[in-house]
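All residue numbers for the sequence shown refer to our numbering, where the first residue is 3 and numbers rise by one.
Beta carbons are placed, not taken as given, at the ideal position from N, Cα and C, and that holds for glycine.
Keep in mind the model is a prediction, meaning the values are calculated, not measured.
Read the structure below first, then the notes.
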Amino acid sequence: MAAERQQVEVRARRLLGELGAFEPVTDPAGELRRLAGEVLGMKDAAARLVSALESPRYIGANGTEQLRAEIVVYERALDRAVRLLGEMVKLGLEERQVQLAEAHGALVAQVIRAVLADLQLTPEQQARVPEVVPRHLRAIASGEGGGT
Numbered sequence: 003m004a005a006e007r008q009q010v011e012v013r014a015r016r017l018l019g020e021l022g023a024f025e026p027v028t029d030p031a032g033e034l035r036r037l038a039g040e041v042l043g044m045k046d047a048a049a050r051l052v053s054a055l056e057s058p059r060y061i062g063a064n065g066t067e068q069l070r071a072e073i074v075v076y077e078r079a080l081d082r083a084v085r086l087l088g089e090m091v092k093l094g095l096e097e098r099q100v101q102l103a104e105a106h107g108a109l110v111a112q113v114i115r116a117v118l119a120d121l122q123l124t125p126e127q128q129a130r131v132p133e134v135v136p137r138h139l140r141a142i143a144s145g146e147g148g149g150t
């Protein structure tokens, strides 16, 4: 097992050399979210391998009962997922994302208010603002665009 791991490490180092220089991380939170997605994907892939097993154990060459490697890989993937997701919660990434979205929403609202004030709308046009603006914002949020 140790020899196999060493071979994998040598291959990985060789691949790293082929890949060349790496860009600095400018969005650590985004990278952490992407990494979490990859870890969860690995966990799900390992779970599929485990579910395809007929038995979690087998009898090894020396006659002793052994746990299948798929189980070990799945357990490690679970542990990594729990650790990484726990770190993300400790760092408050979800709360920070909500705060950024709220701040962005407040800026958009401020811009809309300023534009509407500059347009000097008639009372009839002002009366339509609560109907028109939210409709266009919902269209943008749903990916339909905000065109007229």
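For residue i, the residue or residues it bridges with in DSSP
i, result
"ILE142", "Its beta-bridge partners do not exist; DSSP assigns none."
Cβ-Cβ separation, residue j to residue i (assumed contact under 8 Å), whole Å
i, j, result
"GLU67", "ARG59", "5 Å"
"VAL10", "ALA48", "So it is not a contact: roughly 17 Å between Cβ atoms."
"LEU34", "LEU109", "Their Cβ separation, rounded to whole angstroms, is 25 Å, which puts LEU34 and LEU109 out of contact at 8 Å."
"LEU86", "ALA38", "5 Å"
"LEU118", "VAL131", "6 Å"
"ALA83", "VAL41", "5 Å"
For residue i, the first and last residue of its enclosing beta strand (DSSP E)
i, result
"LEU69", "67–69"
Element boundaries [alpha helix (DSSP H), containing residue i]
i, result
"GLY19", "4–21"
Counted within 10 angstroms of its Cβ, other Cβ atoms place residue i as buried (16 or more) or exposed
i, result
"LYS45", "buried"
Which runs of the beta strand (DSSP E) spanning at least 3 residues fall entirely within the segment 53–124, listed in chain order?
59–61 and 67–69
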